[in-house]
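When the letters of the sequence shown are read in order and numbered with this note's numbering, they come out as residues 276 to 386.
We treat Cβ as the ideally placed atom computed from N, Cα and C, and that holds for glycine.
This one's a predicted model, so the numbers in the text were calculated from it and none came from an experiment.
The next block holds one structure in the form of C-alpha cells; read it before the comments.
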Amino acid sequence: MALDIEKIAFTVILHAGNAKAEAYKALDEAKQGNFDNIDKYLKNAKDELNEVHNIQTELLTAEANGDNINLPIILVHAQDHLMTAISEINLIEELIDCFVEIRRLSDIINK
Numbered sequence: 276m277a278l279d280i281e282k283i284a285f286t287v288i289l290h291a292g293n294a295k296a297e298a299y300k301a302l303d304e305a306k307q308g309n310f311d312n313i314d315k316y317l318k319n320a321k322d323e324l325n326e327v328h329n330i331q332t333e334l335l336t337a338e339a340n341g342d343n344i345n346l347p348i349i350l351v352h353a354q355d356h357l358m359t360a361i362s363e364i365n366l367i368e369e370l371i372d373c374f375v376e377i378r379r380l381s382d383i384i385n386k
C-alpha cells in the first residue's frame, strides 16, 4: 500500500488548523459573554481532531501491516500542529470554564 505522506501531512495540518480556529471562535464568544454558540464551536473543533485521529489510525495500521512509513520532516511538522491544537483546545476549554464561572458569580453578586 503506497501512502502519499505529503498529502497526509498537509491534511493533518489542515484539520489541526481548523480545530484551533473553531476553538478560538468559542473563546471569542466566551470573552464577549455569548455562551450560546460555544458548544457548537468546541464540537466542531473536536470533530476536526477526530478526522486527524482517523488519519493517524490509518498510518498506524499500515505500519502494523508491514508498510514502511517514511518519516519526513513534513509529517513531524504536521504532528507538531496537531499536538499544539490539542493543547490549545484544552487550555481554551479551561478558560471558557473560567468565563462561565465568572459570569455565574457576577450574576449572584448582582442579584
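query, result
"Since I believe Leu324 is in contact with Ala301 (beta carbons under 8 Å), could you give me their beta-carbon distance rounded to a whole number of angstroms?", "14 Å between Cβ atoms; not a contact."
"Just confirm the distance between the C-beta atoms of Ile313 and Ala305, as a whole number of angstroms; I'd bet it's less than 8 Å.", "6 Å"
"Buried or exposed: Ala294, going by 16 or more other Cβ atoms within 10 Å of its Cβ?", "buried"
"Can you give me the C-alpha to C-alpha distance between Glu376 and Glu369, rounded to a whole angstrom?", "11 Å"
"Straight-line CA distance for Met276 to Lys282?", "Its pLDDT being 46, under 50, Met276 is placed unreliably by the model, and the measurement read from it follows with that caveat. Rounded to the nearest angstrom, the two C-alpha atoms are 15 Å apart."
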